[in-house]
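*Asks:* Convert by adding 15 to the 1-based position in the sequence shown; the result is the number in this note's numbering. Here it is: the structure, laid out below.
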Amino acid sequence: MLLENKVALITGAARGIGRAIALKFAEEGASIAFCDLAMDEVAMKTKSELEALGVKVLAVASDVSSFEGAQGVVDQVMAEFGRIDVLVNNAGITRDNLLVRMTEKEWDDVLRVNLKSAFNYCHATVPVMMRQRGGSIINISSVVGLHGNAGQCNYSASKAGMVALSMSIAKEMGSRGIRANAVAPGFIMTEMTASLPEDVLKKWTSSIPLRRGGTPEEIAKVCCFLASDMSSYVSGQVIAIDGGMGA
Ligand code: NAP
Numbered sequence: 016m017l018l019e020n021k022v023a024l025i026t027g028a029a030r031g032i033g034r035a036i037a038l039k040f041a042e043e044g045a046s047i048a049f050c051d052l053a054m055d056e057v058a059m060k061t062k063s064e065l066e067a068l069g070v071k072v073l074a075v076a077s078d079v080s081s082f083e084g085a086q087g088v089v090d091q092v093m094a095e096f097g098r099i100d101v102l103v104n105n106a107g108i109t110r111d112n113l114l115v116r117m118t119e120k121e122w123d124d125v126l127r128v129n130l131k132s133a134f135n136y137c138h139a140t141v142p143v144m145m146r147q148r149g150g151s152i153i154n155i156s157s158v159v160g161l162h163g164n165a166g167q168c169n170y171s172a173s174k175a176g177m178v179a180l181s182m183s184i185a186k187e188m189g190s191r192g193i194r195a196n197a198v199a200p201g202f203i204m205t206e207m208t209a210s211l212p213e214d215v216l217k218k219w220t221s222s223i224p225l226r227r228g229g230t231p232e233e234i235a236k237v238c239c240f241l242a243s244d245m246s247s248y249v250s251g252q253v254i255a256i257d258g259g260m261g262a
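Below is the structure:
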């Protein structure tokens with residue numbers, strides 16, 4: 016198994032892409048810690064699915080945008096598992112609007128939940144990885160962080176920030192054996208995209224060379240590669256998983 020004896024911390028993993036990443040990592044033998052806004056029915060179901068795969072699981076309710084909250088989650092993971100080998104900054108939100116109509120709150124909320132959260136969790140986890148002399152950080156960015164998107168200036172900026180954050184950490188922490196990479200999913204079928212109108216969905220998929228949206232499992236497979244020793248010389252990269260959209 017690719018992730019045997021590794022401990023992975025994944026943010027926002029109750030559902031969607033984060034859930035798929037947690038399940039894939041568990042299938043490959045990793046112990047899983049995840050946080051989400053609330054430990055509701057959905058989060059508890061994910062926890063049970065993970066436990067059914069025979070791995071240890073810690074699930075914590077925490078808002079990723081809280082700096083103290085992130086330190087608290089990392090402290091709990093350390094108390095439970097004693098190490099963190101992989102950090103996946105996955106939790107994210109959209110608050111779409113055209114630039115001229117965008118409110119300050121829409122801008123601030125997206126930057127706080129998507130980008131500041133990644134800083135929060137890297138800040139709390141990197142000292143652990145430094146002591147271990149190794150670790151893999153995976154930031155879930157987006158194709159719009161590479162190319163921009165009308166109506167998503169807040170979201171695109173937050174995702175571009177995650178790419179630069181990954182590259183900077185790769186440079187700062189490489190000598191300590193810590194790798195940092197970003198993945199940039201394209202159009203992935205989750206609840207985040209399910210609310211889009213039918214005509215928008217059709218327009219998007221027709222512009223994708225593979226002519227379909229991706230699945231959360233297809234993102235999870237690439238994250239598994241980045242989490243594992245298979246990618247031991249891969250750092251500071253951004254891997255687009257977009258069916259050829261950005262080609
Ligand atoms: P999703 O289905 O909406 O899931 C997001 C998860 O993050 C949910 O479990 C949500 O919790 C959690 N979350 C939201 N705000 C949080 C907070 N403040 N603190 C803790 N947890 C929080 O989204 P997804 O489609 O799986 O997306 C996952 C990541 O991939 C995001 O960063 C997104 O930007 C990125 N991405 C998605 C796509 C796509 O097409 N779906 C494409 C590119 C990038 P609740 O259930 O409590 O809301």
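Virtual Cβ for every residue (Gly too), placed ideally from N, Cα, C. Source: prediction; values computed, not measured.
Looking at the secondary structure, which residues open and close the alpha helix (DSSP H) in which L216 lies?
*Replies:* 213-221
*Asks:* I need the boundaries of the alpha helix (DSSP H) containing D55, first residue and last residue.
*Replies:* It is not in any alpha helix (DSSP H) - D55 carries neither H nor E in the DSSP assignment.
*Asks:* Measure the CB-CB distance between I184 and N105 and report whether it falls below 8 Å.
*Replies:* Between I184 and N105, the C-beta gap is not smaller than 8 Å, which leaves the two residues out of contact.
*Asks:* Touch check for the segment 218-227 and the segment 109-127: three-plus C-beta pairs under 8 Å?
*Replies:* no
*Asks:* Looking at D123 and the ligand NAP, is the gap between the Cβ and the nearest heavy atom below 7 Å?
*Replies:* no
*Asks:* Just to confirm, are N169 and V125 a CB contact at a threshold of 8 Å?
*Replies:* Taking C-beta atoms as the reference points, N169 and V125 count as a pair closer than 8 Å.
*Asks:* Per DSSP, what kind of secondary structure is R226 in: helix, strand or coil?
*Replies:* coil
*Asks:* When you measure from the CB of F202 to every non-hydrogen atom of the ligand NAP, does any distance come out below 7 Å?
*Replies:* At a cut-off of 7 Å, the beta-carbon of F202 counts as near the ligand NAP: some heavy atom of the ligand is closer than that.
*Asks:* For S151, which residues does DSSP report across the bridge?
*Replies:* V101, R194
*Asks:* Rounded to a whole number of angstroms, what is the C-alpha to C-alpha distance between G192 and G69?
*Replies:* 29 Å
*Asks:* Can you tell me which of the three DSSP states L89 falls into?
*Replies:* Rather than Leu, the amino acid found at residue 89 in this sequence is Val. V89 falls in the helix class under three-state DSSP.
*Asks:* Buried or exposed, going by whether 16 or more other CB atoms sit within 10 Å of the CB of Y248?
*Replies:* exposed
*Asks:* Does the count of Cβ pairs from the segment 81-88 and the segment 60-68 closer than 8 Å reach three?
*Replies:* With a cut-off of 8 Å, the segment 60-68 and the segment 81-88 do not count as touching, because too few Cβ pairs lie within range.
*Asks:* Taking 8 Å as the threshold (C-beta atoms), are I223 and M177 in contact?
*Replies:* Cβ distance not < 8 Å, so M177 and I223 don't count as in contact.
*Asks:* Please name the residue or residues paired with P200 in a DSSP beta bridge.
*Replies:* I256
*Asks:* Under 8 Å between the Cβ atoms of R30 and E232?
*Replies:* no
*Asks:* On a CA-only basis, which of G33, A94, I99, F40 is nearest I155? Give me that one, please.
*Replies:* G33
*Asks:* Based on Cα-Cα distance, which residue from S46, R148, A199, F96 lies nearest to L161?
*Replies:* A199
*Asks:* What are the boundary residues of the alpha helix (DSSP H) that includes L130?
*Replies:* Looking at the DSSP string, L130 is not in any alpha helix (DSSP H), and its letter there is neither H nor E.
*Asks:* To the nearest angstrom, report how far apart S157 and N129 are at their CA atoms.
*Replies:* 11 Å
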